[in-house]
Each structure stands twice: as C-alpha cells, then as structure tokens.
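Trainee:
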Amino acid sequence: MAVTIRKNDVKASNLLGLSVVLAILAQMLYPAVLPPGFSPTLNISMQVGTVVITTAQWFAIRTDYRWVKTLTVIFIAVGVLGYVFRLPILNESTPKTALFLVSSSLQAWVAFILFKDLIRRPVAGEAEVA
Numbered sequence: 020m021a022v023t024i025r026k027n028d029v030k031a032s033n034l035l036g037l038s039v040v041l042a043i044l045a046q047m048l049y050p051a052v053l054p055p056g057f058s059p060t061l062n063i064s065m066q067v068g069t070v071v072i073t074t075a076q077w078f079a080i081r082t083d084y085r086w087v088k089t090l091t092v093i094f095i096a097v098g099v100l101g102y103v104f105r106l107p108i109l110n111e112s113t114p115k116t117a118l119f120l121v122s123s124s125l126q127a128w129v130a131f132i133l134f135k136d137l138i139r140r141p142v143a144g145e146a147e148v149a
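Start counting at 1 in the sequence shown, then tack on 19, and there's your number in this note's numbering.
1) Could you check if residue 97 is buried or exposed, using at least 16 other CB atoms within 10 Å of its CB as the buried criterion?
2) Spatial neighbours of residue 32 within its chain, please: C-beta separation below 7 Å, excluding the five flanking residues on both sides.
3) Alpha carbons only, please: which of 104, 37, 129 is nearest the one belonging to residue 90?
4) What three-state label does DSSP hand residue 139 in the structure shown?
5) Nearest to residue 92 by CA position, among 64, 55, 125, is which residue?
6) Who are the Cβ neighbours of residue 113 in its own chain at under 8 Å, not counting the five residues just before and after it?
7) What are the boundary residues of the alpha helix (DSSP H) that residue 83 is part of?
8) Would you kindly report the start and end of the unbroken alpha helix (DSSP H) that includes residue 151?
9) Mapping DSSP to helix, strand and coil, what is residue 116?
10) Between the Cα of residue 43 and the Cα atoms of 69, 57, 101, which residue gives the shortest distance?
11) Looking at residue 73: is its Cβ nearer than 8 Å to the Cβ of residue 35?
12) Look up residue 134 in the DSSP assignment and say whether it is helix, strand or coil.
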C-alpha cells in the first residue's frame, strides 16, 4: 500500500487553491460572453459550486483522503486534456486565455504530484513503518 507524504499533500492543495484563485480572477476581470438561453444566475451558481467543491477537495487532500486524491487526478486529467484539445481553436491571445493556461498548468502540476504520490511504494523507515 502506498504511503503519501504530507509535504506533497500540502503543496498539491496549495497549487489547487492558487489555480482556483487565478480562474476566479480571470472570470472577474474578463466576464464570459454567455450563449443564448444561459442565464447569469446559472453561471454564478456554477462558479460558486465549483469554488465550494474545490475547497472541499483542498481540505480532503490536506487531510489525506486517498479516494479524493484519485478522483482529483482523474478530473484534472480530463479537464486539462479538454482544454489542450481546444488550444488550436483559441487563436486570440487575451489575458483571460493566459490566466486560464496558467491555471490549467497548475492543475496539471497538482495531478502530477498527486499521481506520483499515489503510486509510490513506502520505504522502510518512512511513516514509521518497518
């Protein structure tokens, strides 16, 4: 069974929090143009829901819930891949695009840290195991 390192959990949760702050900043500075039939109330509700869920993930990662770490890696991988496949379509170079790219890069870093931590094998002496 893998043993996670607390330092990696803290680093991953801090990067996840920074990623969310950058995404919120991008939305506040450069509001999205909503498609027809998409209400601003629904948009705000989705953003608040995302912040609440990410805050719960942040806390769960710090408190070493392995299943949350696994789900976080899966969700981030799907989200970052979805964003990467849209990159050729994004031909405009705006500050919002740059903020979202940095945010996605931080999320990819979080996924890498968590994945590396989830698959590692304990060595005798780590985490007081013999």
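Yeah, the Cβ is synthetic: ideal placement off N, Cα and C, and Gly gets one too. All figures in this text were calculated on a predicted structure; none of them were measured in a lab.
Mentor: With the structure as the only source:
1) exposed
2) 77, 80, 81
3) 129
4) coil
5) 125
6) 49
7) Segment: none, residue 83 is in no alpha helix (DSSP H) and carries neither H nor E.
8) Residue 151 falls outside the range modelled here, since the chain spans only 20 to 149, and no answer is possible.
9) helix
10) 69
11) yes
12) helix
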